[in-house]
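Okay, so the sequence shown: first residue is 9 according to our numbering, each after it adds one. Just so it is clear, CB atoms sit at the ideal spot from N, CA and C, and this is done for glycine as well. Written below as structure tokens is the structure these notes are about.
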Amino acid sequence: MFTFYWLFQKNDNWLAIFKTDDRITTATDKESLEQALSSVHYLVSYGNYQTSDKFLAKILSDGKSSFLQKYLSIDLSQEARNCTIEEIGFNLRMKIKAKTPEEFCLQRIAICEAIFSEREEYLETKFEIVKEFQLKPRSIMKTRANLAAEILQAKKMPKRPNILLFEFDQYVPFNELPERLVHFYQSIKDRYKNTLEEKLKQEKFKMTLANLTHTFGVGGVHAAKEKYRGEGCFLLIDVNQFFPSIIQNNKLLSVGIKCPEIFDELYKKKVQTGKLAYKILINAINGSMNNPYSALYDPQKFYSVTVNGQLIITHLILVLESFFEELIQTNTDGILIRINPVMENTIRDLLELWCRQLHLQVSITKVNKVWQKDVNNYVLQKEDGQLVRKGIFAKPTYLSNSTPVIYNGIFEAVVNGIKPQNFIIDQYKKESLEEFCFIGKIQGDFTGIEQQTINGYVKLNKTICGIAANSNKYGGVFQVRNDLHSRLPNSPSSFLTYEKATKKDIDTKWYIEQIEKNCF
């Protein structure tokens, strides 16, 4: 059913290799390409919507079209973090370097197969959405946000001069909110007509809630006790389907949506069935309302939702403040509080009343231990012993697996009290070189990566993998733009590519220092 492929181009020559199950076919001209595609159902590659698919289409049409009309394709890079295929290959510890074009293509096909396996649930939900809503087969090529726009029959509307004229939530009791906070948002609305929109978007308002400084704006509110460790009785309170619920309660849908009643149906089905497909669709809508390329684009509705979200979370804190001991963290859709166990039932009763008042639902998770560097980096131990690991404490994935020895070391040092030096020495003895590999790629509008040497700069690939070396003869790696060099973020000052590196080349001191910098 799925045919994985990769295209290799050099000057005027090209090679495409296709793999269906265990069958391999190659193409180097129009005739062999047509033969290779004769039994294909779905073409699968990575980044192919922008490049490879268009190239194949031009070959098949003799240069007349860059659109694959007869074939459906899946781009595995769609809606994934901005990773290169080589970066994912390094993350998965797969072979990258090839001696021939055939080997080059087969290696990248192998990486595509691995990505496909990692993203199986994502792809299944897209197929399920297309089938459930009887969309055209070619809709499978759309993002989930664009699938939502198609289902809602959205038509892109021109940008209107009302972006920061927020519509406030009808269920929020404004008389119970801090007057200064309400004034902050009302002031933005009042000054919107005479002040540049982008300037107003940058405005922030700081306020202390439950002894924790919160920063408000037009995006989301965040606050956290930094370098915090705690053990006891904690409640993690999350508002279920927060932004979709605000949209539903206040009809804050994009004006481009022709059939708002379909959103009502999607929302009800999500609540009733809990199916992932419905959750994905309704969650995609709010972000799309701030995407100028989306048919759902309506930033006035988007900012109305995000501002109301901050006001609602503020109200939640104020309602519970007298009943918890400590506010540990505030995030976009919930809070983490430390409580006296005798107050748990009272807090749950208050939450039930609060949900009824604001027409929302919450989920409550009991937590026994907390290790929190800041709002984005923390570990929670739930009542059943399961760990929630975020940020620098998160487990490696196919999208992020650079220097895993550092992130594992931070976790072991903070959570289990293992000294960084002891951890690195132990890992040096037991683990493979790959655990020490730094993976980096070109960012932003930089045009290349170069390594500093005693003879000047040497050009490297746009995605690199190597170790922190214990010899000064290996220089640092830099991003380049207009002959200006900027150190590649988080890279070591002495870098040695993985092809040349051995464990004896590892600068253990550098790895220990990186762990120590993040310990608390």
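Residue i: which of the options sits nearest, CA to CA?
i: Asn-294; options: Thr-340, Asp-515, Leu-260, Val-350; result: Leu-260
i: Gln-210; options: Asn-219, Gly-228, Leu-217, Thr-221; result: Gly-228
i: Pro-497; options: Ser-195, Thr-516, Phe-454; result: Phe-454
i: Ile-245; options: Gln-17, Asn-90, Tyr-50, Leu-359; result: Leu-359
i: Arg-534; options: Lys-214, Lys-197, Asn-170; result: One cannot answer for residue 534 here, as it falls past the ends of the chain, which runs 9 to 528.
i: Leu-504; options: Gly-474, Ile-32, Ile-288, Thr-338; result: Gly-474
i: Ile-462; options: Ser-296, Gly-484, Pro-428; result: Gly-484
i: Phe-16; options: Asp-341, Tyr-506, Glu-110, Leu-204; result: Glu-110
i: Gly-238; options: Val-180, Lys-511, Gln-337, Leu-208; result: Gln-337
i: Leu-319; options: Asn-183, Leu-204, Leu-155, Arg-199; result: Asn-183
i: Asp-29; options: Thr-340, Gln-43, Met-9, Lys-78; result: Met-9
i: Asp-341; options: Gly-264, Gln-249, Val-413, Phe-310; result: Gln-249
i: Arg-31; options: Lys-38, Trp-22, Val-48; result: Val-48
i: Thr-510; options: Glu-136, Glu-442, Gln-460, Pro-404; result: Glu-442
i: Thr-59; options: Phe-75, Thr-203, Val-466; result: Phe-75
i: Lys-381; options: Ala-232, Glu-175, Ser-46, Gln-178; result: Ala-232
i: Asn-1; options: Leu-328, Asn-258, Asn-291; result: In this structure the chain extends from 9 to 528, so residue 1 is not present and cannot be described.
i: Lys-164; options: Val-180, Leu-208, Asn-219, Ser-262; result: Ser-262
i: Gln-365; options: Asn-384, Lys-377, Val-327; result: Val-327
i: Leu-289; options: Ile-137, Lys-167, Ile-347; result: Ile-137
i: Ile-171; options: Asp-37, Lys-201, Arg-146; result: Lys-201
i: Asn-490; options: Ile-472, Lys-481, Glu-458, Ser-479; result: Glu-458
i: Tyr-50; options: Ile-432, Asn-424, Ile-148; result: Ile-148
i: Ile-433; options: Phe-63, Asn-376, Ile-523, Glu-175; result: Ile-523
i: Arg-199; options: Asp-37, Leu-173, Asn-424, Ser-302; result: Leu-173
i: Tyr-386; options: Asn-376, Ala-402, Leu-143, Val-190; result: Ala-402
i: Ala-157; options: Phe-135, Cys-267, Leu-64, Gly-97; result: Cys-267
i: Thr-314; options: Val-226, His-323, Leu-361, Leu-304; result: Val-226
i: Tyr-301; options: Lys-167, Asn-526, Ser-40; result: Lys-167
i: Ser-499; options: Leu-492, Leu-185, Gln-460, Gly-464; result: Gln-460
i: Lys-38; options: Gly-452, Leu-64, Lys-18; result: Leu-64
i: Pro-169; options: Glu-206, Leu-185, Phe-141, Val-190; result: Glu-206
Measuring CB to CB, does residue i end up less than 8 Å from residue j?
i: Tyr-275; j: Pro-307; result: no
i: Leu-68; j: Tyr-406; result: no
i: Thr-133; j: Glu-87; result: no
i: Tyr-130; j: Ser-85; result: no
i: Glu-95; j: Ile-418; result: no
i: Lys-287; j: Met-297; result: no
i: Leu-160; j: Ile-265; result: yes
i: Ile-347; j: Leu-243; result: yes
i: Thr-221; j: Lys-212; result: no
i: Ala-153; j: Ala-292; result: yes
i: Ala-411; j: Cys-445; result: Here residue 411 turns out to be Thr, not Ala, going by the sequence shown. The answer is yes: Cβ separation under 8 Å.
i: Gln-487; j: Ser-494; result: yes
i: Tyr-436; j: Thr-516; result: yes
i: Gln-115; j: Lys-103; result: yes
i: Lys-235; j: Phe-431; result: no
i: Glu-175; j: Ser-312; result: yes
i: Val-423; j: Trp-379; result: yes
Throw me the rounded Cβ distance for the residue i and residue j pair, which I believe falls under 8 Å.
i: Cys-113; j: Ile-25; result: 4 Å
i: Leu-334; j: Ile-345; result: It is Glu, not Leu, that sits at residue 334 in the sequence shown. Rounded, the Cβ-Cβ distance is 7 Å, consistent with contact.
i: Thr-92; j: Val-52; result: Between Val-52 and Thr-92 the Cβ distance is about 17 Å, and since that is not below 8 Å, they are no contact.
i: Lys-477; j: Ser-502; result: According to the sequence shown, residue 477 is Ala rather than Lys. Yes, Ala-477 and Ser-502 are in contact; Cβ-Cβ is about 4 Å, under 8 Å.
i: Ile-325; j: Ala-218; result: 6 Å
i: Gln-429; j: Ile-520; result: 5 Å
i: Lys-139; j: Glu-507; result: Contact flag wrong, Cβ pair sits at about 46 Å.
i: Gly-456; j: Lys-467; result: 6 Å
i: His-367; j: Tyr-179; result: 5 Å
i: Val-247; j: Val-370; result: 5 Å
i: Leu-208; j: Ile-196; result: 5 Å
i: Trp-22; j: Thr-36; result: 7 Å
i: Ala-303; j: Ala-162; result: 4 Å
i: Cys-241; j: Pro-145; result: At roughly 52 Å, the Cβ-Cβ gap does not stay under 8 Å, so Cys-241 and Pro-145 are not in contact.
Closer than 7 Å to a non-hydrogen atom of the ligand PLP - does that hold for the CB of residue i?
i: Lys-403; result: Because no ligand of any kind appears in the structure shown, any question about the ligand PLP cannot be addressed here.
Inset, instruction - Starting from the N-terminal side, write out each stretch of the beta strand (DSSP E) that is 3 residues or longer and does not extend beyond the segment 327–380. - result: With a minimum length of 3 residues, the continuous beta strand (DSSP E) runs that stay inside the segment 327–380 are 334–339, 342–346.
Inset, instruction - Report yes or no: do three or more beta-carbon pairs, one from the segment 387–397 and one from the segment 352–370, lie closer than 8 Å? - result: Verdict: no, contact absent.
Inset, instruction - Can you check the segment 150–226 for any beta strand (DSSP E) of at least 3 residues that lies completely inside it and give the ranges in chain order? - result: Along the segment 150–226, the beta strand (DSSP E) occurs as fully enclosed runs of 3 or more residues at 213–217, 220–224, listed in sequence order.
Legend entry - Uninterrupted beta strand (DSSP E) stretches inside the segment 69–122 (no shorter than 3 residues): Runs found: 80–83.
Inset, instruction - Only counting runs of 4 or more residues, tell me where the alpha helix (DSSP H) segments fall wholly within the segment 433–495, in order along the chain. - result: Contiguous alpha helix (DSSP H) elements confined to the segment 433–495 do not occur, taking only those with 4 or more residues.
Legend entry - Contact the segment 384–392 vs the segment 79–86: 3+ CB pairs below 8 Å: By the Cβ criterion, the segment 384–392 is not in contact with the segment 79–86, since fewer than three pairs of Cβ atoms, one from each stretch, lie closer than 8 Å.
Inset, instruction - Quick one: which unbroken beta strand (DSSP E) runs of 3-plus residues sit fully inside the segment 225–305? Chain order, please. - result: When DSSP assignments are scanned along the segment 225–305, the uninterrupted stretches of beta strand (DSSP E) that are 3 or more residues long and fall wholly within it turn out to be 236–247.
Inset, instruction - Jot down the residue ranges of each uninterrupted beta strand (DSSP E) in the segment 20–66, minimum 3 residues, whole runs only, in chain order. - result: Those beta strand (DSSP E) runs which fall completely within the segment 20–66 and span 3+ residues are 21–28, 31–35, 50–53.
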